[in-house]
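Asker: Its first residue numbered 136, the sequence shown is counted upward by one per residue in the working numbering.
Built from N, CA and C at the ideal position, the CB exists for glycine as well.
Quick caveat, the model's predicted, so the values are computed rather than measured.
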Amino acid sequence: MNKSLLYQAIFLLCFALTPAPSEASSDYSSNAVRDGIGYRSNLLDPDNPYAVPMQYTFTTLLSRYWVKHEAPSSPSVDEVTPDMYYAALNDILSDPALIDTLEPLPEDLYGYGSCASNNLAVMLEFMMGAAENIEDRFVVDFLVQARHEILFICHMPDTDQAGFQAYIEEQLQTLNDVKEAEPWVNYLRGIMSFYIEDFDQARRYFATIPDTAAPWLAQTARYLDVRIAKIQVDALAYDCYQCGASEQSPQFIKAIADFKASIENHIRSYSDGFYDRSVSGLRRYVLRLQDKPLQLNKVYEAAFVKAFGANSDVPREAKDSLLHEMDLFYLNGPAVAKTSRVHPFLLTYEVLMRKHNLRQRQTVRQISTMRTDFDSMKSAYAHYLGLAAYTELMFLSAEGNDVKVAATQIDQKEYGPLWLDARVLQARALGRIGQHEKSAKAWLELDTVIPTFNAQTEMASQYLLAHKFDEFARLTQARLTQAHLTEARLKTKPTGSGAGIDGEDYRYSNEFSRSVEDFNKTFEPALTLLRQGYSSFASADEMQRTLDDPNISDQIKFMAAEPALRRFLLHEDYAGYLQLFGSLTDNLPKGEDADLAHAYQKVTPAAQRLSSNKNDADALVDLGYFLYAKHIFSACEEESVTLWELTLGACGDDDKRVLDGVVPIDLFDRALSLYKQRDTRQPGEAKVLRMMILCFKSNRNQANCVRNRKEAYPKKTRTALFNQLHQRFPTEAKQTPYWY
């Protein structure tokens, strides 16, 4: 392999293998976005329908006490940049100027199999270690080049690997007489064997590297021996995941013993070495494989105390990794029932999980057992302000004692950083015992201190249950008013002479953009709640109180009135519709509801004609088209109803909204009958024939138009409508060439 190709490989490693930032996602947050309401919260809330009952709850609890905010003690892999990589290359490679002229190889050549483990940090350590421990610069160059060439074996067919291995071996033999290079050469031989999955041979090479070798090289050789032992165990464990000790094969038990011996060998030699945290994690993995929960619990608890103790120097990413592992294999695993917690955070988290599990029907320890642990740990809890009081409140909530939770005096001094989280428990308890107004005010307090979509949603729910949804409208209006005042201030152009990127115009535009963004984030969920609340749950009295309030804007008044306007039209109460629509101001709402309000305005003449003559065919067509185009009939299907609506009782057994009033197909049918009675053909007849045909065409508001009327319009009937259109109105029929 020539040197140019080698440098291309190096260039690619710098960019293609740089760790990409991870993206977190979950079904919970997706559902929240789909519902259009929120439920996303930065508060500890085990009864949140969208809460993720794992690491997020635990890390939120820990963050109250700032135990996860220490800076990393050393750079992580993510912090190793290409510039750092190049800096090492410039010291090592004989001709670093070539780097600037290279073309990268295709990205799909790297990142597969074992080669993916060669990130920038590993490559950097190899090069720096060789440069620090070998004086001959030619030998260093040779080793570095061989290290990169070996990567290519990962992407070769099996039939080519033996020849390439022989080629590399021939190159390495040129260093046989260089004593200081011997351990580095054997390391490269071991790496090459590792890549082609000749693991036994790889371990033999790594075993030749003495503990007296360069620190990074010696420790990495021992660490790779541990990793290979794990690979060999995993190969046998594939068909025996979480087997009990009695179910494990002799080969599996032997492999575990070998794995454990390799780990202990590494720990004895390098207890505080480069790979200490990883090897400690693998030691826990062995205990999981051996099904030894009591020992595993002690190891986890010791690791937790070490990571989160007052003088901990464990980097944050290592803490996050430990928490994630504990969530998966410890706090939610079978070992939980076999020992007590020894750290307050762990016990409080388990009680939090108990609250989640009550909803999810999972098996957890009994509350009485956890209470015994809690009583014996009061001195340990004293180190964390408010944690004991909050845990006691959580016990009461988990036991179903909502009355006592609701009556508890939650003082900020006593609860400290968990004060707001305690108020969440109390707000929910108040709602469950029927004190809905008090619950709504508690959620308002929470939303005022730490604005969250979750608090707004729960507040709206409680006002609906208290039959005072107009109060939620007033609160939203007050916030909207204040926001619009801020917006108006920002829209006023600055009067100073500043201009350009550092001037007042720039500051004004940035501030205004942020204001609009904040407005949308804050108020869109509230407006959605108002829209859906009035549409599905609010009573006529709540709607009327909203309309009578002079401080409520036209936008919110229209949200309150729209469901009633719709019901009047569906039940053909045109007088009621005209009276209500006439009571609204001439200033129709803007924004999301503007199109709908304009559509109501356009259909109002049809309602006026129908109030005088219910057999006005043209007006029936106009009304039918309005309902077809703009009205969303409640489908009460799982994918179209929000979790919030279901929680409040939408689409229950007694829900009658599905077939509530007329639907467009009824209005079109009546209009067609009236047109047929006339001596001459009318333009409206062609329109209604086309609409009735389109009603049964998929993706054309079919559900709005038909609503369970398919049995009245079988294929034969629809074919007859199609024939009438083409026989009587050939010009208009050109737009409808198919009978469906």
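1) By the DSSP assignment, the alpha helix (DSSP H) with threonine 184 in it spans what residues?
2) Less than 9 Å separating the beta-carbons of asparagine 177 and isoleucine 502?
3) Alpha carbon to alpha carbon, how far is phenylalanine 394 from glutamate 332? Give it in angstroms, no decimals.
4) Mind reading off the beta-carbon distance from aspartate 897 to tyrosine 525? Whole number of angstroms is fine, and I expect it under 8 Å.
5) Compute the distance between the beta-carbons of serine 596 and threonine 782, then report whether it is under 9 Å.
6) Helix, strand or coil: which one does DSSP assign to histidine 518?
7) How many angstroms separate the CA atom of tyrosine 848 from the CA atom of alanine 754?
8) Provide the residue span of the alpha helix (DSSP H) that contains threonine 782, from first to last.
9) Could you give the distance in angstroms between the alpha-carbon of valine 798 and the alpha-carbon of serine 718?
10) Kindly indicate which residue of Thr483, Pro385 and Leu809 has the alpha-carbon position closest to the one of aspartate 508.
11) Check whether the region 665-673 touches the region 689-698, counting contact only when three or more Cβ pairs, one atom from each stretch, lie closer than 8 Å.
12) Looking at the secondary structure, which residues open and close the alpha helix (DSSP H) in which serine 747 lies?
13) Taking the straight line between their C-alpha atoms, what separation do you get for leucine 228 and aspartate 276?
14) When you compare the region 798-810 with the region 728-746, are there three or more beta-carbon pairs, one atom per stretch, that lie closer than 8 Å?
15) Return the CA-CA distance between glycine 631 and aspartate 582, expressed in angstroms with no decimal places.
16) Can you tell me whether glycine 325 is buried or exposed? The criterion is at least 16 other CB atoms within 10 Å of its CB, across all chains shown.
17) Excluding the 5 residues preceding and the 5 following leucine 664 in the sequence, name in chain order all residues of the same chain whose CB lies nearer than 7 Å to its CB.
18) Isoleucine 687 and glutamine 612: beta carbons closer than 9 Å?
19) To the nearest angstrom, report how far apart glutamate 460 and phenylalanine 607 are at their CA atoms.
20) Could you say which of Gly569, Leu610, Leu704 and Lys433 lies nearest to glutamate 580 if we only look at CA atoms?
21) Checking 9 Å against the spacing of the C-beta atoms, do glycine 521 and leucine 553 come in under that value?
22) To the nearest angstrom, how far is it from the Cα of tyrosine 322 to the Cα of valine 368?
23) Enumerate in chain order the residues of its own chain whose CB-to-CB distance from valine 449 is below 6 Å, with the five nearest sequence positions on each side excluded.
24) Rounded to whole angstroms, what's the CA-CA distance from phenylalanine 857 to threonine 866? Just pull it up for me.
25) Which whole runs of the alpha helix (DSSP H) in the region 288-321 are 4 residues long or more, in chain order?
26) Would phenylalanine 409 pass as a contact of glutamine 336 if the rule is Cβ separation under 9 Å?
27) Tell me the rounded alpha-carbon separation between lysine 869 and leucine 829.
28) Please identify the residue among Gln690, Tyr760 and Thr343 whose C-alpha is closest to the C-alpha of leucine 705.
29) Take the Cβ of phenylalanine 480 as the centre, count every other Cβ of all protein chains shown within 10 Å, and call the residue buried at 16 or more, exposed below.
30) I need the straight-line Cα distance from leucine 244 to leucine 286, nearest angstrom please.
31) For a test of the three-state rule: what should DSSP assign to asparagine 839, helix, strand or coil?
32) Mapping the DSSP letters down to three states, classify threonine 616 as helix, strand or coil.
33) Under the assumption that isoleucine 391 contacts glutamine 425 (Cβ atoms under 8 Å), give the Cβ distance between them as a whole number of angstroms.
34) So, with DSSP's three-state summary, where would you put valine 274?
35) With DSSP collapsed to three states, give me the class of leucine 422.
Answerer: On the basis of the data shown:
1) As a first step, residue 184 is located in the sequence shown; it is residue number 49 there, counting from the start. It is proline, not threonine, that sits at residue 184 in the sequence shown. Counting along the chain, proline 184 falls outside any alpha helix (DSSP H), and DSSP gives it neither H nor E.
2) By one-based count along the sequence shown, residue 177 stands at place 42. By one-based count along the sequence shown, residue 502 stands at place 367. In this structure, isoleucine 502 does not lie closer than 9 Å to asparagine 177 by Cβ.
3) Within the sequence shown, numbered from 1, the residue matching residue 332 stands at position 197. Within the sequence shown, numbered from 1, the residue matching residue 394 stands at position 259. Here the C-alpha atom of glutamate 332 lies approximately 17 Å from the C-alpha atom of phenylalanine 394.
4) Lying outside 136 to 875, the shown extent of the chain, residue 897 is not represented and no answer is given.
5) Within the sequence shown, the letter at position 461 stands for residue 596. Within the sequence shown, the letter at position 647 stands for residue 782. In contact: serine 596 and threonine 782 (Cβ atoms closer than 9 Å).
6) Translated into the one-based positions of the sequence shown, residue 518 becomes position 383. In the displayed model, histidine 518 falls within coil according to three-state DSSP, outside both helix and strand.
7) For the purposes of this step, residue 848 is identified with residue 713 of the sequence shown, where counting begins at 1. For the purposes of this step, residue 754 is identified with residue 619 of the sequence shown, where counting begins at 1. Taking the straight line from one Cα to the other gives about 23 Å.
8) Counting from 1 along the sequence shown, the entry for residue 782 is found at position 647. Residues 778-782.
9) The residue labelled residue 798 in the question sits at position 663 within the sequence shown. The residue labelled residue 718 in the question sits at position 583 within the sequence shown. Distance between the alpha carbons of valine 798 and serine 718 is about 26 Å.
10) Here residue 508 is taken as the residue at index 373 of the sequence shown, counted from 1. When only C-alpha atoms are compared, the closest one is Thr483.
11) In short, these stretches touch, since the Cβ pair count reaches three.
12) Translated into positions along the sequence shown, residue 747 becomes position 612. That run of the alpha helix (DSSP H) goes 729-747.
13) The residue you call residue 228 lines up with position 93 of the sequence shown. The residue you call residue 276 lines up with position 141 of the sequence shown. Only weak support exists for where leucine 228 lies, its pLDDT of 44 falling under 50; the value from the coordinates is given anyway. Distance from the CA atom of leucine 228 to the CA atom of aspartate 276, rounded to whole angstroms, is 6 Å.
14) The region 798-810 vs the region 728-746: no contact.
15) Residue numbering aside, residue 631 sits at position 496 when the sequence shown is read from its first letter. Residue numbering aside, residue 582 sits at position 447 when the sequence shown is read from its first letter. Bear in mind that a pLDDT of 48 at glycine 631, under 50, signals an unreliable position, so the number given afterwards is only what the model happens to contain. Their backbone Cα atoms lie some 37 Å apart in a straight line.
16) For the purposes of this step, residue 325 is taken as residue 190 along the sequence shown, with counting starting at 1. Classification for glycine 325: buried.
17) By 1-based counting over the sequence shown, the position of residue 664 is 529. Around leucine 664: Ile172, Gln591, Thr592 and Ala595.
18) In the sequence shown, counting from the first residue as 1, residue 687 sits at position 552. In the sequence shown, counting from the first residue as 1, residue 612 sits at position 477. Taking 9 Å as the cut-off, the Cβ atoms of isoleucine 687 and glutamine 612 count as close.
19) Counting from one through the sequence shown, the residue named residue 460 turns up at place 325. Counting from one through the sequence shown, the residue named residue 607 turns up at place 472. In this model, glutamate 460 and phenylalanine 607 are separated by some 43 Å (Cα to Cα).
20) Within the sequence shown, the letter at position 445 stands for residue 580. With distances taken between Cα atoms, glutamate 580 lies closest to Leu610.
21) As a first step, residue 521 is located in the sequence shown; it is residue number 386 there, counting from the start. As a first step, residue 553 is located in the sequence shown; it is residue number 418 there, counting from the start. The criterion of a C-beta distance shorter than 9 Å is satisfied by glycine 521 and leucine 553.
22) Start at 1 with the first residue of the sequence shown, and residue 322 comes out as number 187. Start at 1 with the first residue of the sequence shown, and residue 368 comes out as number 233. When rounded, the distance between both Cα atoms is 23 Å.
23) Locating residue 449 in the sequence shown gives position 314, counting from the first residue. If you ignore the 5 residues before and after valine 449, its C-beta comes within less than 6 Å of the C-beta of Ala442, all in its own chain and listed in chain order.
24) In the sequence shown, the residue the question calls residue 857 occupies position 722. In the sequence shown, the residue the question calls residue 866 occupies position 731. Straight through space, the alpha carbons of threonine 866 and phenylalanine 857 are spaced by roughly 13 Å.
25) List check, alpha helix (DSSP H) in window: 293-307.
26) Numbered from its first residue, the sequence shown carries residue 409 at position 274. Numbered from its first residue, the sequence shown carries residue 336 at position 201. Not closer than 9 Å, so no.
27) Looking up residue 869 in the sequence shown gives position 734. Looking up residue 829 in the sequence shown gives position 694. About 14 Å.
28) The sequence position of residue 705 within the sequence shown is 570, counting from 1. Among Gln690, Tyr760 and Thr343, the Cα nearest to that of leucine 705 is on Tyr760.
29) Your numbering for residue 480 matches position 345 in the sequence shown. That one is buried.
30) As a position in the sequence shown, residue 244 is number 109, starting the count at 1. As a position in the sequence shown, residue 286 is number 151, starting the count at 1. Bear in mind that a pLDDT of 32 at leucine 244, under 50, signals an unreliable position, so the number given afterwards is only what the model happens to contain. A straight-line Cα-Cα distance of about 10 Å links leucine 244 and leucine 286.
31) What you label residue 839 is simply residue 704 of the sequence shown in a count that begins at 1. Three-state result, asparagine 839: helix.
32) Counting from one through the sequence shown, the residue named residue 616 turns up at place 481. In the three-state scheme derived from DSSP, where H, G and I count as helix and E and B as strand, threonine 616 is classed as helix.
33) On the sequence shown, residue 391 is found 256 positions in, with the first residue counted as 1. On the sequence shown, residue 425 is found 290 positions in, with the first residue counted as 1. With a Cβ gap of about 6 Å, isoleucine 391 and glutamine 425 count as contacting.
34) For the purposes of this step, residue 274 is taken as the residue at position 139 of the sequence shown. Note: valine 274 maps to helix in three-state DSSP.
35) As a first step, residue 422 must be located in the sequence shown, where it is residue number 287. DSSP, reduced to helix, strand and coil, places leucine 422 within a helical segment of the structure shown.
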